[in-house]
Structures are given as C-alpha cells and as structure tokens.
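I have placed the structure first, in the form of structure tokens, so that the comments after it can refer back to it.
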Amino acid sequence: METSLSAGAADIGTAEERAAVDEILSPPPSPWVGGERSPRALHVARRDGTTLPPRSLLLPALRALESRVGVVSPGAVNYLAVRMDLPPAEIYGVAAFYALLDVGEAAPPVKVHVCDDVACQLSGAGGLIAALRERYADEGEASLDGVQWHRSPCLGQCDRGPAVLVQRAGAHAADIEVVAATREDVVRAIAAPGPSPTPPAVVPQVGDPSLVVLRHVGRVDPTDLDSYRTAGGYESLRRALQLGPEGVVDWVADAGLAGRGGAAFPTGWKWRAVANQADRTHYVVANADESEPGTFKDRVIMEEDPFAVVEALTVAGYAVGAEQGYIYIRAEYPLAAARLRHAIAAARQRGFLGDDVMGRGLRFDIDVRQGAGAYICGEETALFNSLEGRRGEPRNKPPFPTTHGLFGKPTAVNNIETLMNVLAILEFGPARFRAVGTPDAAGTRLFCLSGAVARPGLYEAPFGTRLGALIDMAGGLMPGRTLQGVLLGGAAGSFVGPTALDTPLAPADLKAIGATLGSGVVVVFDDTANLTGTVLRIARFFRDESCGQCVPCRVGTVRQEELVARLAAGRPHGTVADELRLFRDLAQVMRDASICGLGQTAANAVDSALRLGWLGG
Amino acid sequence: MAAVRPMTRTDGAFPERSVRATIDGRAVTVPEGTTILAACRAEGTEVPTLCFLENLAPVNVCRACVVEVEGSRALVPACSRPLEADMVVSTRSERVDHSRRMVLELLASSVDMSLAGPDLERWLEEYGADPARHGPLAPTGADRQARAGRHGSVAGEARATLDQPVTIDNELYVRDYSRCILCYKCVEACGDQAQHTFAIAVAGRGFDAHIATEFDVALPDSACVYCGNCVAVCPTGALMFKSEYDLRQADDWDASRQTVTDTICPYCGVGCTLELHVQDNRIVKVTSPMDHEVTHGHLCVKGRFGFDFVHVPPPGAEDTRR
Ligand SMILES: Cc1cc2nc3c(=O)[nH]c(=O)nc-3n(C[C@H](O)[C@H](O)[C@H](O)COP(=O)(O)O)c2cc1C
Ligand code: SF4
Ligand code: SF4
Ligand code: SF4
Ligand code: FES
Ligand code: FES
C-alpha cells in the first residue's frame, strides 16, 4: 500500500496539530514523512519504512490532538497518515469510534460531559442539565463562549453525583472531574487555570482491620513509594520471587480467586494457560476501563493505592512470563491515570520496574494507555483492538486471549480488583484467603453503593454478605423512605425487588434469583425514584455503547430502546402482551447470537424490570 | 476485526488429520480446519450467510449463519468456526431458527433489502421474518450522529432505519447506504483482502456505524481507484455500477434479456477472465468469477470499466450510443 493523502484536506495539519502528534510519535525523522522540507534534506534518501511508529500509538496520538486543539481535523489525519503510513479512511474510522474524540473541521474548545446515568439521575443530574442548558446552550450546541455540553453515560463517580467531566483544549489543559457538581462548580472548573483537586474517594470503612483489598486505603500516601513500602508494599512481589512463577500460579489457583471484572473466571487457570504457551512473547493487561454504569471501585483503588496496582501487575507478569504490561484505563479517570503514571515512574526509578526488577535480572515494564470514551473497550478483545490502534470491536472467540491476545500473543487480562486480591493471597497465603467468603466464592468483594442510602461509597465485604446487611453498612435508607428495588451488577446486571434483601451476595445464591454480582454495583432506589427513567436510561446506554459490529446487538438495542420508550409512555403497539412477546424475541436473539457480552447482556436489566412489573408489564 | 480468523484450508496441502463430528444427527468426517459452514455445504445442508464470501476471510458479523453446538452457551457462527472433534452441531434447532429469523427481521426492519437477491427473499419467508411488527418506518433516518455514542431522544412510535439519499459522486458506481447491512465485505475487498487501496472503512459506532471515506469526502477526493471490487462483493445492491443503476432508474434493467460472455481482459499481460453482462447488445456490467484462480473475482479499473470502446461504432456506421 502507498499512503495516499486525502484530497479532502490540502494540508497536513497546523503547526500546533503536528506538535501534538510529534509529542507522541517523536519528531519526524525526515521530510519524506512530514518533517521540515529544506532543499538539502530532500537530497537525502532514507528508508523510513523501518522506523515507522507502531500502530498502537494511534489512539494516544488522536487523544493528544483532542486535548491540544479539541478536534481531530482532516489536516491532522493527513499528518498522521504520513507519519504512520496508515490510510486516512482507517484513521478516521478509528477516531469516529470514540465518544470523547471530536472529528471534523473544528469543535468548541470546551466540552462538558454531564452524567445522567442510573445513579446520577437520583442525585440531581436533571437539575444540573437544566441549569447548564440555561447558562450555555442546548445539548450539543456551542455557546457563544465556546462551551458545548452533552449528557454522558456513567463517569464512575456514582457515590457523589451528579458527576461531570470537563474536556478543555489547550497546550497545558487537563481534563477535570467535578463531583457533586452544581452549575457554579462547572463554571469554575471551566475557568480554572489548572486541574482543580478532586476530593478524595469515599471509603467509609477506612482503617477497619477486616479490610483485604482496601487495606492500604487511607493509610498510604498514594504519591509516595516509601509510604507504600512502610505499609508492607512490595513484600508480595518479594514472596512471589521466592515462590517462582509456577508457585505463584499454584497459590492463586489454590486460593480459589475468580475474576472480579464480571465473568468470574478462575484467575489461576487463566494464568497457567498463558504461562504454558510455547510462544515466548506474553503480555499482561490490567483492565481499568471500568465503564459499567454504577461502578467506581477500580478508580478508588487506582487513586488511593496506585503502587499496589503496579506491584500486582508486576507479579502477574512474573507469573505468566511477560516482560511488558499495559494498564488500559478509561479516559474519564484523569486523576487515576496521573497517579498510576507517577507510581510507575517512581517504581522504575527505584528498580521495581525496568531491566532488573528487584535486582533479580528480570525485565518488566508497564505502559498506561487511556481510552477515549467507549464502554465496549472494557471487553477484553475490544480492549486489545483499541490498544492496537484499531476500532474497539470485540473479536470472535475462540481463539481466546490466553492464546491469541494483545498483538496476537498469549495474554492474561485481569480486572484491577482481581489483581489486588493476588497481592493479598501472597501476603496472607491461600488458606487464609480462602477462609473468608463462601465455599464456592473465596475472599471479599468490593461493592459500589450509590443511590438512596445514607452513606454512599465503596465498601468491602466477604462474599455471602446479605444484600440487606450491605445496605445497612451504608447507613440504610433515608429516614421514612421505603425500598423500591436495587440494581445489582450494573446495566449488564439486573434489578431485584425488596424480597432480595435476604439473599447472600454470592454467585450461586444470586443465580437462583436471576441476578449476578457483575462489577459489584449496588444502586439503591427508594420510593421517590422514577424507575421508568432508569430503565429508559439503560436501554439508551446499550444502544449508544454497542460497537455496531453484529446485527443482533446493533439493531436489537435500537428496537429494545424503542420498545421500552413505548411501554414507558403507555403507548404500546398492539397490546402490552404483543410488546412483551416482541421483547422476549429481541432478548433471546441478543443473548444467543451476539458476538460479545455487551449484546448478550443488553436485555438483562430491562427483562428484570419487566418481571418486576415496572413498565406496566 | 479479529486479527486471527480460522479459515477453511485453501492451500491444497494434504490435511494432517481429519475430524469426526455430528451435524444434525449425521456423522461427518472432514479435514481438520474445515469450518462448520464448509462441512454443512459438503453435506448439502443449507446455512444462510450474508457476510460470508468464499474469496474473503470470514468476519462473522451478520450472525445469519449461527448454529447450535452442544455445550456452548451462545450460538456459534458456522462461517468462521472450525468443526472440532466430537462436536455435536444442530443447524435447525428452535434456537437457531429463532436467531436466524430475528437477524433477518432486524436487518429488514432497518435497511432496504429489496435487491439482496432471491436467496434472501426465500429466507425471509422460510424463517418467518416480520419487520413490520417493529412499528411504522420513521420518516427519515441516518442523521449522522455528531459524536459517537450520543444519540437523540427516542419516542419509539416509529422504527429507526438507515434510509438516506443515494450518493452519486462519480461516473462509475453509486452508493446507496440505505441498503447497507454492514457486512464489511466492501471494506475487506478494498483493504488487505484484495485491493490494498483502503479508500473506505467503517466509521461511527452502534446503529450509526457506517461505511465511509475519511470525513465522508466524495469518492473522487478519496484514495479510490475505481476497481469496482467493493461493488462486486456487495450482497445487497448498496454498491451498484452506474450502468446498472441508470438502467434500473429507467426501469430498463432486465436480467432475463441479459447474456454473460466470458472473455480475457485485453489490457495487460495478466489476462484476467472477464464476464461481460450484455443486455440489448450493450455491456451493462463486468464481473470476474469468484472462483477464478487468478482474479478471485477482483479486477482493476480497466477491466472493470474500460469497455466503452466496444460500443464505439465502426467508421461510417450509425452511432447508437445513448
Ligand atoms: C461489554 C463488556 C465490558 C466489560 N468491561 C470491563 C471493565 O470495564 N473492566 C473489567 O475488568 N472487565 C470488563 N469486562 C470483562 C472483561 O472482558 C474480562 O472478562 C475481564 O477483564 C477479565 O478480568 P478478570 O478475570 O480479572 O475479571 C467487560 C466485558 C464486557 C462484555
Ligand atoms: S454484541 Fe454488540 S458490542 Fe458486542 S460485538 Fe456485537 S455489536 Fe459489538
Ligand atoms: S472501487 Fe476499488 S478502490 Fe474504490 S472503494 Fe471500491 S474497492 Fe476501494
Ligand atoms: S456497502 Fe455493501 S458490501 Fe459494503 S458493508 Fe454495506 S452491504 Fe456490505
Ligand atoms: S457517575 Fe453518574 S451514574 Fe456513575
Ligand atoms: S455469514 Fe457467518 S456471521 Fe455472517
């Protein structure tokens, strides 16, 4: 293929755009690939094909354009095409996949993303949206002072909504997370010279000796490696090095650890499968995309205990024989990304990462890669594609990541909470780890409590804790209120009614009532909640987040949203029974024939709401 | 798209092993690596396919070909999944039929499939697809979203479709994306599966995902070299040679009046086989056989479109060109 520039743009970007790209790709090595054209330089022949930047830098470069100039323009795409030897159409196809990248000739310099998802609906998102409409303009329109706002899916701040993410374009601009946001907070954040400090995460159990995953939170300075080491940091890696890679895998398997990212896959089994692959290039990936509505646990860990994430991924790399790890983190978490980058740099400087980890001659390093607004990129194979600079479309499985993962190599991908549990297993031993929880679900779980409870926040409790007890830990309902229902497991999970309060939060018990723990979401709805609005929001979410690849999900999520809208408005096509039959048909094809878990679970929450009779069903 | 896709063996090498499995209760033995689809076809069992084409690697996105495999929670795409030892496959279970019906129904509810061929028409009937039950057609569709993942409000009264005007921006072929089922074939054919021009890609996401040049620029402003290979693989008539489009617009396209003549392309030494589709003594479109070992159905702009000279009358004769 020869790189052809788009005739749609005559230029290869402004100096500013090229500088943004060069910061990621490093400056062009010659005039033939976008460098300064002097008559002298044009007389030098080079083989630039050998020095092409890897395609995996495409998303970082697109993100750099968005953050520096606020848009991915035709000229900038041409420059990327020249620098990376990629077709402009393909670059455009990648950029246009992500919600937090603007594509076009120009875009307003400030973009405000207001969460109106399930939890923030309960904490005043509607009022905030009305206020922003009044202050600025209608949704999606730029105000005279260059501000554009959009409703956004969950921003991972559900315990302190309404949440807002402010994207500001400029040479030194940083994205800002605003929590418990008022109109004035948003105005102030837009005007602030630098990133305003995000208030620390809410972990009401801080200091409780029974904490496992959250044991460092509040006791360790997340910006200081020494503070982490004083609290016992890097003892787990030391133990791992004593055990040897197989020993680590055995411990993790013996402990009965199952993945916390949603699918509850046995971690020891996964690691062994990767470790045993004959192909010697292996990767480990920490999945920090956390976009399941109602989930904020991984953000709290990354913000409050970033060194532990780095240590845990190092252990994973050692166990499966990888020399390179990646942390793929959603774009909406700028503070967590900054803390992780800082922790990685500090660990590298002190010999905990790099060519000689802990003086043992082991090579391991970590890169942080940020997403750009796409729930689907949390699906492991979509994550690989996104990281590789492609559209975040899931791959058909098999083949599985353990044999064909990132860059086609054997890859162990794990959720952040899963990785944290590995450190605990190494610290306490598999037997003590297993002693907590239930016989078929070892250890503790993190629960993201939001909605109508007195003390929303992140809680840790053993598997098997009853739902009612968990809600009591969070202070119970507000005085005088009664419970309508709970959303368990996020948008991909399901609603349960008040009768579920006695259900132990463990896989088998939940399965019996048609629910799952998913990513630990517990959104509580009291009698003041508008549940119809919540169900509509979930239907909208799946339509927006479908990658569009396969028919059951691409069209099915649209038809599902239309159907829910009709039921919510009390205007069914035909009878309600006809609509319910149509819904069951849609739900079944999405579950049976979709490529990935998004489509396969897209009807769960609506299904449960209908069974609870919430839509007149 | 997946970087690694198991394919049917095409290298002709002697298979190392064969695989024994059961399809619809019958024992079958096939060479290792054979897809479920290929095994079914060898048995004479029909499996509907929309995004699969023999000369392209399977993208397994349409899900029309799903079959039930014992022990597998979800249904499995027959076009890409190799048959494994002892697999028990069912091609017409209740779940399979339901998914096929719904896939066809969902597609037909959102795009115009009237030119998608007789097989499709038969399947819609056979599986009982009923697009009308999703409501009346919304008056206009395909308002391109300003931003991925942020769509406008939905009342649900009418069903959203991809209805949109035909794009005519060049003399050789037209693009009617209101017929597009997003089978990815054109992108694959334009990309590394055949043409290596990469003029088009999938952009946007979800229901707003669509085939586009960069920033939707017109084809003459894109990298397109007019090989027409995308047109040749398009299963729905979304991409159509202008010659065919014009005749259809004039209500003058009539396959029953057409003959197909094989010849060799006169332009270069490769010697691609051309199939000239002729109606009323005029070439109305040029294709090449998909199973041709040189072309695999793909041509270049000269063989595909360079036939006007044939219609130039000899000196002195009456010029009948339109
Ligand atoms: C639509 C979708 C979104 C997902 N999002 C996430 C996510 O944000 N974080 C995560 O850890 N796993 C997510 N997963 C699950 C991953 O595919 C994968 O199973 C997980 O990262 C494996 O880690 P674990 O075994 O430690 O749980 C998602 C799955 C699907 C289908
Ligand atoms: S199920 Fe949905 S998100 Fe998953 S591959 Fe299919 S269209 Fe994409
Ligand atoms: S005509 Fe050829 S070059 Fe042009 S878009 Fe189609 S396949 Fe690509
Ligand atoms: S234009 Fe045709 S070939 Fe391309 S994706 Fe659409 S239906 Fe498939
Ligand atoms: S941040 Fe608003 S619902 Fe999660
Ligand atoms: S033909 Fe198999 S998924 Fe389309």
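Taken in order, these protein sequences are the chains called A and B. For the first sequence, position 490 (counting from the first letter as 1) is numbered 489 according to numbering that gives the first Met the number 0, and the numbering increases by one without interruption. For the second sequence, position 223 (counting from the first letter as 1) is numbered 222 according to numbering that gives the first Met the number 0, and the numbering increases by one without interruption. All residues carry an ideal CB built from backbone N, CA and C; glycine is no exception.
Rounded to whole angstroms, leucine 58 (chain A) and alanine 230 (chain A) show a C-alpha spacing of 36 Å. Between ligand 6 and arginine 542 (chain A), a heavy atom-to-CB distance of less than 6 Å is absent. At a cut-off of 7 Å between beta-carbon atoms, phenylalanine 96 (chain A) makes contact with chain B.
Here DSSP, grouped into helix, strand and coil, assigns alanine 107 (chain B) to helix.
Here the stretch 8–22 of chain A makes no contact with the stretch 92–103 of chain A; the two share fewer than three CB pairs at distances below 8 Å. The shortest C-alpha to C-alpha distance from proline 288 (chain B) to any of B:Ile282, B:His297 and B:Arg281 is the one to B:His297. The stretch 247–278 of chain B is shown to contain no whole alpha helix (DSSP H) run of 4 or more residues.
If the five residues before and after glutamate 140 (chain A) are omitted, its C-beta is found closer than 8 Å to the C-beta atoms of Gln147, all from its own chain and listed in chain order.
Here valine 87 (chain B) has Thr21 and Glu69 as same chain residues with Cβ atoms under 6 Å from its own Cβ, once five neighbours each way along the sequence are excluded. In this chain, the alpha helix (DSSP H) harbouring leucine 509 (chain A) covers 506–511. Proline 429 (chain A) is positioned such that its CB atom lies closer than 7 Å to that of aspartate 253 (chain A). Within the chosen limit of 6 Å, ligand 6 reaches the beta carbon of asparagine 59 (chain B) through at least one heavy atom.
Chain order gives the chain A residues near valine 102 (chain B) as Val550, Pro551, Val588 and Ala592, where near means a beta carbon separation below 8 Å. By the rule that beta-carbons nearer than 7 Å mark a contact, phenylalanine 51 (chain B) does not touch chain A. In the assembly as shown, serine 235 (chain A) is a buried residue. Its beta-carbon has 16 or more other beta-carbons within 10 Å. At a beta-carbon threshold of 9 Å, none of the residues of chain A lie near cysteine 264 (chain B); the nearest stands roughly 23 Å away. Contact of cysteine 39 (chain B) with chain A by beta-carbon distance below 7 Å is absent, the smallest such distance being about 17 Å. Annotated as distal: leucine 154 (chain A) and glutamate 291 (chain A), with beta-carbon spacing of 7 Å or more. Ranking A:Leu581, A:Ala190 and A:Arg389 by CA distance to the CA of proline 86 (chain A) puts A:Arg389 first.
Straight-line measurement puts the Cα of valine 153 (chain B) at about 13 Å from the Cα of arginine 570 (chain A). Here leucine 119 (chain B) is buried: its Cβ has 16 or more other Cβ atoms, across all protein chains shown, within 10 Å.
At a cut-off of 7 Å between C-beta atoms, glutamate 289 (chain A) does not count as an interface residue with respect to chain B. Going by C-alpha positions, glycine 203 (chain B) is about 31 Å away from leucine 121 (chain A). Ligand 6 never approaches proline 455 (chain A) closely enough for any of its heavy atoms to be under 6 Å from the residue's Cβ. Residues of chain B whose Cβ lies closer than 8 Å to the Cβ of valine 605 (chain A) do not exist, since the nearest Cβ in that chain is about 13 Å away. Cβ-Cβ distances below 8 Å link alanine 441 (chain A) to Ala254, Gly255, Leu256, Ala257, Phe432, Arg433, Val435 and Phe462 in the same chain, with the five nearest sequence neighbours on each side left out; the list follows chain order. When the five nearest sequence neighbours on each side are left out, the beta carbons in the same chain lying within less than 6 Å of the beta carbon of glutamine 192 (chain B) are those of Leu55, in order along the chain. Closer than 7 Å to the CB of aspartate 584 (chain A) there is at least one CB belonging to chain B.
C-alpha of glycine 450 (chain A) to C-alpha of glutamate 187 (chain B): approximately 47 Å in a straight line. For glutamate 310 (chain A) against glycine 232 (chain A), the beta-carbon gap comes to about 6 Å, under 8 Å, which counts as contact. Among the residues facing chain A, asparagine 59 (chain B) is included, as its CB has a counterpart in that chain under 7 Å away. For glutamine 194 (chain B), the shortest separation between its Cβ and any heavy atom of ligand 3 lies below 6 Å. Taking the C-beta atoms as reference points, arginine 256 (chain B) is found no nearer than 7 Å to valine 285 (chain B).
A buried status is given to arginine 259 (chain A), since no fewer than 16 other beta-carbon atoms sit within 10 Å of its beta-carbon.
The three-state secondary structure of alanine 601 (chain A), taken from DSSP, is coil.
Secondary structure note for glutamine 241 (chain A): its alpha helix (DSSP H) is the uninterrupted segment 234–253.
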